[in-house]
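Report on one structure; see the data block that follows.
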Amino acid sequence: MLAISCQLSRSGPGLMSPPASPPLLFLLLAPHSIYPRRKGFFGPGPRLMAFMKKYLLPLLGLFLAYYYYSANEEFRPEMLQGKKVIVTGASKGIGKEIAFHLAKMGAHVVVTARSKETLQEVVAHCLKLGAASAHYIAGTMEDMTFAEQFVAKAGKLMGGLDMLILNHITNASLMFFNNDIHHVRKSNGSIVVVSSLAGKIAHPLIAPYSASKFALDGFFSAIRKEHWLTNVNVSITLCVLGLIDTDTAMKEVSGKIDMKAAPKEECALEIIKGGALRQDEVYYGNLQWTPLLLGNPGKRLIEFLHLRKFDISKLVNN
Numbered sequence: 001m002l003a004i005s006c007q008l009s010r011s012g013p014g015l016m017s018p019p020a021s022p023p024l025l026f027l028l029l030a031p032h033s034i035y036p037r038r039k040g041f042f043g044p045g046p047r048l049m050a051f052m053k054k055y056l057l058p059l060l061g062l063f064l065a066y067y068y069y070s071a072n073e074e075f076r077p078e079m080l081q082g083k084k085v086i087v088t089g090a091s092k093g094i095g096k097e098i099a100f101h102l103a104k105m106g107a108h109v110v111v112t113a114r115s116k117e118t119l120q121e122v123v124a125h126c127l128k129l130g131a132a133s134a135h136y137i138a139g140t141m142e143d144m145t146f147a148e149q150f151v152a153k154a155g156k157l158m159g160g161l162d163m164l165i166l167n168h169i170t171n172a173s174l175m176f177f178n179n180d181i182h183h184v185r186k187s188n189g190s191i192v193v194v195s196s197l198a199g200k201i202a203h204p205l206i207a208p209y210s211a212s213k214f215a216l217d218g219f220f221s222a223i224r225k226e227h228w229l230t231n232v233n234v235s236i237t238l239c240v241l242g243l244i245d246t247d248t249a250m251k252e253v254s255g256k257i258d259m260k261a262a263p264k265e266e267c268a269l270e271i272i273k274g275g276a277l278r279q280d281e282v283y284y285g286n287l288q289w290t291p292l293l294l295g296n297p298g299k300r301l302i303e304f305l306h307l308r309k310f311d312i313s314k315l316v317n318n
């Protein structure tokens with residue numbers, strides 16, 4: 001049996017892979033007369049079958065039911081009517097299109113970016129499109145003083161806050177949103193974070209950008225899990241975007257990547273839908289296989305089992 005184990009572990013001339021598991025080889029190669037009562041491909045015993053029936057199958061059923069329910073939940077524009085929404089980075093590109101869609105749905109909108117003149121134009125157009133109200137606050141989220149005051153000021157302008165859409169957020173202002181998230185708690189609202197596929201799959205030629213998007217994913221995914229453990233009813237939606245046809249994106253990738261860009265107008269609408277439906281992640285772009293390969297239920301099961309190891313009292317006290 002030892003000789004057989006070594007022979008099967010050989011992966012090529014002169015190359016040895018880690019030896020195969022002796023118990024597994026024994027089950028596969030041993031005569032059937034040794035275990036005459038075992039049935040099945042690998043011969044699972046009654047204890048394994050009982051464990052699967054008691055734990056794994058119910059969990060699998062719950063996850064499948066969750067995915068079926070999520071896939072069939074429909075978005076309705078009325079979900080945003082009268083809602084109070086902040087959009088950062090709203091002077092151009094995806095952020096501006098998000099503001100326009102929200103205005104058409106009858107939401108209250110506060111937009112922010114560096115350019116005061118451009119924001120004035122965005123606000124004027126939002127009012128024409130039917131926004132319940134529209135305001136702007138000029139500034140940059142990289143300025144911590146501005147970031148610390150912005151959400152509170154915007155909430156006062158609208159009389160509350162239901163959804164915070166973070167577009168073009170930088171790593172420098174991450175801790176602010178961790179400490180000031182109570183503005184959204186009051187309404188059991190939603191936080192939507194615009195990220196990139198470069199934050200899920202490392203991209204060459206844009207290493208700093210890719211690293212910043214990985215940081216967004218890690219930070220807000222951790223906050224989402226803290227909410228789950230402490231029963232905070234604030235959803236966090238991470239939007240994983242492929243190449244979108246904004247002026248900035250097309251200029252940066254010119255000559256570096258051969259990929260068709262997706263329309264920014266449709267992208268903006270999908271971002272709003274994901275936030276309204278309180279989805280954990282939204283995938284948008286021309287790579288249709290991405291959600292299937294990256295957003296799998298097996299990951300959720302592992303996360304669920306992993307979270308059980310944390311001391312909830314530490315989170316509540318902090």
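Numbering-wise (UniProt numbering), the sequence shown opens with residue 1 and increments by one. We put the beta carbon where it would ideally sit given N, CA and C, even for glycine.
One or two residues paired with residue i in a DSSP bridge
| i | result |
| --- | --- |
| Leu-294 | In the DSSP output, where bridge partners are listed per residue, Leu-294 has none listed. |
| Tyr-209 | None; Tyr-209 has no bridge partner. |
| Leu-241 | Ser-196 and Tyr-284 |
| residue 376 | There is no way to answer for residue 376, as the model of the chain reaches only from 1 to 318. |
| Lys-84 | His-108 |
| Ser-187 | Looking at the DSSP assignment, Ser-187 forms no beta bridge with any residue, so it has no partner. |
| Ser-91 | Partner(s): none; Ser-91 has no beta bridge. |
| residue 336 | Given a span of 1 to 318 for the chain in the structure shown, any question on residue 336 remains unanswerable. |
Contacting residues, own chain, Cβ-Cβ under 7 Å from residue i (five flanking each side not counted)
| i | result |
| --- | --- |
| Ala-132 | Gly-82, Gly-106, Ala-107 and His-108 |
| His-183 | Val-151, Ala-152, Gly-155 and Leu-161 |
| Ser-187 | Gly-160, Leu-161 and Asp-162 |
| Ala-276 | Phe-75, Met-79 and Leu-80 |
| Ala-198 | Ile-206, Tyr-209, Ser-210 and Lys-213 |
| Ile-137 | Val-110, Thr-112, Phe-150, Lys-153 and Ala-154 |
| Gly-130 | Ala-103, Lys-104 and Gly-106 |
| His-203 | Ser-210 |
| Leu-181 | Looking at the sequence provided, one finds Ile at residue 181 rather than Leu. Excluding sequence neighbours, Ile-181 sits near Val-234. |
| Pro-77 | Met-105 |
| residue 326 | Residue 326 cannot be examined here, being either before or after the span of the chain that is shown, 1 to 318. |
Beta-carbon gap between residue i and residue j smaller than 9 Å
| i | j | result |
| --- | --- | --- |
| Val-122 | Leu-164 | no |
| Gly-95 | Val-110 | no |
| Lys-225 | Glu-303 | yes |
| Ile-236 | Ile-98 | no |
| Lys-84 | Met-141 | no |
| Asn-231 | Arg-185 | no |
| Phe-100 | His-125 | yes |
| Leu-294 | Tyr-283 | yes |
| Gly-286 | Lys-264 | At residue 286 the sequence reads Asn, which differs from the Gly that was named. No, these two residues do not count as a Cβ contact at 9 Å. |
| Asp-245 | Ala-262 | yes |
| Leu-80 | Leu-102 | yes |
| Gly-274 | Glu-281 | yes |
| Arg-278 | Ser-221 | no |
Same chain, Cβ closer than 8 Å to residue i, five either side skipped, listed in chain order
| i | result |
| --- | --- |
| residue 339 | Examination of residue 339 is not possible in this model, given that the chain is present from 1 through 318 alone. |
| Phe-310 | Leu-229 |
| Thr-248 | Lys-92 and Gly-93 |
| Leu-307 | Lys-225, Trp-228 and Leu-229 |
| Glu-73 | Leu-277 |
Residue-level contact to chain C via CB, residue i, 9 Å cutoff
| i | result |
| --- | --- |
| Lys-273 | Included in the structure is just one protein chain, with no chain C present. |
Spatial neighbours of residue i in its chain, beta-carbon cut-off 6 Å, leaving aside the 5 residues before and after
| i | result |
| --- | --- |
| Leu-305 | none |
| His-135 | Val-110 and Leu-157 |
| Leu-166 | Thr-88 and Val-193 |
| Leu-243 | Met-259 and Ala-261 |
| Pro-23 | At Pro-23, the pLDDT of 46 sits below 50, so the modelled position is not reliable; the number obtained from the coordinates is stated separately. Closer than 6 Å at Cβ, skipping near neighbours: no residue. |
| His-168 | Gly-89 |
| residue 319 | Shown here, the chain extends from 1 to 318; a query on residue 319 therefore has no answer. |
| His-227 | Val-234 |
| Arg-47 | none |
Item to complete: Kindly provide the ranges of any alpha helix (DSSP H) runs that are 4 or more residues long and lie completely inside the region 256-282, ordered along the chain.
Response: 264-276
Practice prompt. Starting from the N-terminal side, write out each stretch of the beta strand (DSSP E) that is 3 residues or longer and does not extend beyond the region 133-174.
Written response: 133-138 and 163-166
Worksheet item: Are three or more beta carbon pairs between the region 110-123 and the region 89-100 nearer than 8 Å?
Response: yes
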